[in-house]
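Novice: Chains A and B are the protein sequences, given in the same order. Each residue of the first sequence is one higher than the one before, starting from 1 at the first, in the working numbering. Each residue of the second sequence is one higher than the one before, starting from 278 at the first, in the working numbering. Just so you know, even glycine gets a beta-carbon here, dropped at the ideal spot from N, CA and C. This structure is in structure tokens; I'll ask about it shortly.
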Amino acid sequence: MKQSVNYNLAQLLTCVLARDLENTDIVAYGLHAELGLGAALLAQMLHAPYLRIRHGLRAGSGLPLSAPAWSERMHQGWKQVDYWEEHPDMLLWGNPASPETFSTVFFIGGMQIDQWGATNLIGIRNRVRSTKQNAAGSPYAVRGPGSVGTPSAAFFCKKYYIFSLMHTPKVFVPEVDYVSVPGTNRLQELGYLDKRPRLCVTPLGVFDWDTRDGRMQIRSLHPGVSLETVVAQTGFNLQIPARIPVTALPTKKEIVQLSRLDQQGAFERLHEKMTHS
Amino acid sequence: MTEFVSLKKALTRIQPGDTIVFGGFQTNRAPVAFVQALARKRTPLRLSVLSFPNPLPLTLLHAAGQVASLQSSFNGVVLENGFTVPRRIRQAIETGQIAWQESDVYAMIQGLRAGAQGLPFMPAPGLAESAYAEKSRYQSVKSPYDGGSILVVPPLRPDVAVLHVQQADRQGNVWIADPLNDQLLAQAARRVIVSCEEIVERISQPTIAAVYLDCIVHLPQGAVPTSCAGHYAQDDARLHALLTS
């Protein structure tokens with residue numbers, strides 16, 4: 001396949017995710033929809049026409065990349081929605097025991113991500129005992145936004161992906177301060193031997209947890225990223241395969257479709273965010 | 278019987294110490310005009326707020342010193358200029374000013390379902406080994422049917438739910454163009470107060486029947502600066518100013 005040289009990091013990550021999606025998937029996504037929705041729309045265009053997309057209030061396909069329908073930025077925003085579903089219905093999630101399947105695929109971010117694939121959107125632990133700010137004895141140095149439904153989504157969805165717009169030792173820590181979504185260590189103790197994030201995509205590479213001991217390993221590094229860089233930017237010992245592939249570049253076909261579905265520069269903005277943070 | 282009342286009268290339905298929940302989701306259809314009037318009350322209300330997650334009512338009431346505790350799953354919204362975290366709420370949590378419990382939104386919805394159906398608990402599988410299972414002291418029970426262990430959450434039964442809707446009819450039925458949690462909130466709450474954009478003669482297919490509602494206030498533009506589908510869009514600049522002031 002012909003490879004394209006004119007791509008940005010956001011498009012590269014979107015392509016990595018899209019290639020892993022298939023016809024039987026039902027995709028839902030939360031914040032930073034560009035990656036999740038972008039990947040789902042791209043997969044629909046290229047190899048998975050029957051893949052279904054459900055985003056909160058937005059259900060259906062063939063929609064351009066834009067804000068979620070509830071945000072009503074355009075006065076008529078709500079009319080973009082094919083099918084309006086209520087929040088409690090959305091939260092039937094992908095429970096395999098339920099006849100209603102909200103989604104089988106979800107994308108999850110984190111203030112911290114650890115070697116076991118656990119995420120933390122709850123907060124960063126207060127390591128200084130008596131600062132003025134924490135006179136009340138709050139255990140938090142920084143309060144996170146909260147986990148929304150990511151713990152239950154990760155549990156119910158067949159495939160969940162972790163993404164991070166930053167790859168630094170502060171994000172990729174040995175062990176998260178608070179567990180939003182549990183990692184392979186805790187899941188294995190509970191008897192869920194096969195439950196783990198499908199992939200993790202970052203500005204430096206693609207990672208997975210398909211290892212014997214359930215620790216994160218390098219799957220591929222993006223063009224121009226050295227092993228030294230990723231090791232220095234990760235706060236724990238990564239599992240390093242004998243041969244490290246370079247992340248496959250977007251093909252010309254992928255780039256053409258990505259620019260069709262994003263005419264408002266969403267990928268460009270996400271790229272800026274990733275390269276400046 | 279659903280009463281049509283003035284805003285002033287509707288406000289008297291809120292009692293000090295109430296657990297209160299608001300309709301709308303993120304930046305959509307929050308009962309802002311009602312909340313602003315509530316925030317101006319001089320009586321200390323010490324409200325417990327459930328947020329689904331719906332940051333503006335919470336932020337306004339907290340700024341007025343009327344929030345004693347909060348249960349939520351998320352504290353943030355995406356506006357035009359990016360991700361916005363209501364700063365004062367975050368500070369209040371970080372410094373221990375308000376009691377606070379965070380949960381998974383699915384567990385909270387299951388709690389509302391238990392509340393609405395008068396059940397002592399509802400299974401909420403999927404939180405095992407997250408910090409929420411432990412922090413919220415959620416218990417597990419053994420299923421009498423398959424013998425497996427399943428996490429269960431306690432009922433959530435708000436004292437009062439406040440919803441903003443597009444239409445109410447003379448019988449007190451309401452129609453919502455974009456129902457989110459509204460029906461479940463109306464079912465689970467002991468009292469339900471509705472503000473509406475317009476009053477019509479008859480709604481043929483109500484979203485929520487009058488039987489669930491206590492009183493209705495006619496408050497056009499009552500969700501501004503959040504959006505109300507079919508009536509107005511959200512005002513990002515004002516939302517940003519209110520959430521970050």
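Looking at C-beta atoms only, is the number of pairs between the segment 249-260 of chain A and the segment 8-23 of chain A that lie closer than 8 Å three or more?
Specialist: Yes, the segment 249-260 of chain A touches the segment 8-23 of chain A.
Novice: Per DSSP, what kind of secondary structure is residue 151 of chain A in: helix, strand or coil?
Specialist: Note: residue 151 of chain A maps to helix in three-state DSSP.
Novice: Between which two residues does the alpha helix (DSSP H) carrying residue 382 of chain B extend?
Specialist: Unbroken alpha helix (DSSP H) run through residue 382 of chain B: 382-394.
Novice: Considering only the beta carbon of each residue, do residue 378 of chain B and residue 347 of chain B sit closer than 9 Å?
Specialist: Contact: yes.
Novice: Since residue 290 of chain B contacts residue 492 of chain B with CB under 8 Å, what's their CB separation in whole angstroms?
Specialist: The Cβ separation is near 7 Å, so the contact holds.
Novice: Going along the segment 361-372 of chain B in order, which residues come within less than 7 Å of chain A, judged by CB to CB distance?
Specialist: Cβ contacts with chain A come from 362, 367, 370, 371 and 372.
Novice: According to the Cβ coordinates, are residue 196 of chain A and residue 184 of chain A closer than 9 Å?
Specialist: Their beta carbons are under 9 Å apart, which means residue 196 of chain A touches residue 184 of chain A by this criterion.
Novice: Could you tell me which uninterrupted beta strand (DSSP E) segments, each at least 3 residues in length, are contained entirely in the segment 448-519 of chain B, listed from first to last along the chain?
Specialist: DSSP runs (the beta strand (DSSP E)) wholly in the segment 448-519 of chain B: 468-477 and 492-495.
Novice: Excluding the 5 residues preceding and the 5 following residue 349 of chain B in the sequence, name in chain order all residues of the same chain whose CB lies nearer than 7 Å to its CB.
Specialist: Cβ within range, chain order: 328, 330 and 379.
Novice: Any beta carbon from chain B within less than 9 Å of residue 149 of chain A's own beta carbon?
Specialist: For residue 149 of chain A, the answer is yes, since a Cβ of chain B falls inside 9 Å of its Cβ.
Novice: When you compare only the Cα positions, how much space is there between residue 340 of chain B and residue 503 of chain B?
Specialist: Going from the Cα of residue 340 of chain B to the Cα of residue 503 of chain B covers about 18 Å.
Novice: Which residues, in chain order, does the segment 402-416 of chain B contribute to contact with chain E at a C-beta distance below 8 Å?
Specialist: The question asks about chain E, but that chain is absent: this structure's protein chains are A and B.
Novice: Just verifying my parser: in three-state terms, what is the DSSP assignment at residue 52 of chain A?
Specialist: Reduced to three states, the DSSP call for residue 52 of chain A is strand.
Novice: If you drop the 5 nearest sequence neighbours on each side, which residues of the same chain put their C-beta closer than 6 Å to that of residue 406 of chain B?
Specialist: Closer than 6 Å at the Cβ level, and outside the excluded window around residue 406 of chain B, lies no residue.
Novice: What is the C-beta distance between residue 485 of chain B and residue 437 of chain B, in whole angstroms, given that I count them as a contact (C-beta under 8 Å)?
Specialist: That pair is no contact at about 15 Å.
Novice: Tell me which residues of the segment 487-504 of chain B have at least one Cβ-Cβ distance to chain A shorter than 9 Å, keeping chain order.
Specialist: Within the segment 487-504 of chain B, the qualifying residues are 503 and 504.
Novice: Looking at chain B, is there any beta carbon in it that lies within less than 9 Å of the beta carbon of residue 57 of chain A?
Specialist: Because the pLDDT at residue 57 of chain A is just 47, under 50, the model does not fix this residue reliably, and the value given afterwards should be weighed accordingly. Chain B, which has a Cβ nearer than 9 Å to the Cβ of residue 57 of chain A, makes this yes.
Novice: What residues from chain A crowd round residue 350 of chain B, counting only those whose CB sits closer than 9 Å?
Specialist: Within chain A, the residues near residue 350 of chain B are 146, 147, 148 and 149.
Novice: Output yes if chain B places a C-beta closer than 9 Å to the C-beta of residue 107 of chain A; else output no.
Specialist: So no, residue 107 of chain A is outside the interface.
Novice: Counting only beta-carbon separations shorter than 9 Å, does residue 382 of chain B have a partner in chain A?
Specialist: Residue 382 of chain B counts as touching chain A.
Novice: Strictly under 9 Å for the Cβ-Cβ distance: is residue 330 of chain B near chain A by that measure?
Specialist: For residue 330 of chain B, the answer is yes, since a Cβ of chain A falls inside 9 Å of its Cβ.
Novice: Measuring only between beta-carbons, confirm whether residue 353 of chain B sits less than 9 Å from chain A.
Specialist: Interface residue, yes.
Novice: Between the segment 167-176 of chain A and the segment 232-249 of chain A, do three or more beta carbon pairs fall short of 8 Å?
Specialist: Taking 8 Å as the limit for Cβ pairs, the verdict is that the segment 232-249 of chain A does touch the segment 167-176 of chain A.
Novice: List the residues of chain A that residue 379 of chain B touches, going by C-beta distances under 8 Å, in chain order.
Specialist: Ordered by position in chain A, the residues that pass the 8 Å Cβ test against residue 379 of chain B are 122, 146 and 147.
Novice: Could you tell me the boundaries of the alpha helix (DSSP H) in which residue 287 of chain B lies?
Specialist: 284-288 is the extent of the alpha helix (DSSP H) around residue 287 of chain B.
Novice: So is residue 163 of chain A in contact with chain B if we call contact Cβ pairs under 9 Å?
Specialist: Answer no: the Cβ-Cβ gap between residue 163 of chain A and chain B never drops below 9 Å.
Novice: With a 10 Å radius around its C-beta and 16 neighbouring C-beta atoms as the bar for buried, classify residue 50 of chain A as buried or exposed.
Specialist: It is exposed - the Cβ of residue 50 of chain A has fewer than 16 other Cβ atoms within 10 Å.
Novice: Helix or strand or just coil, what does DSSP make of residue 225 of chain A?
Specialist: If DSSP states are grouped into helix, strand and coil, residue 225 of chain A belongs with coil.
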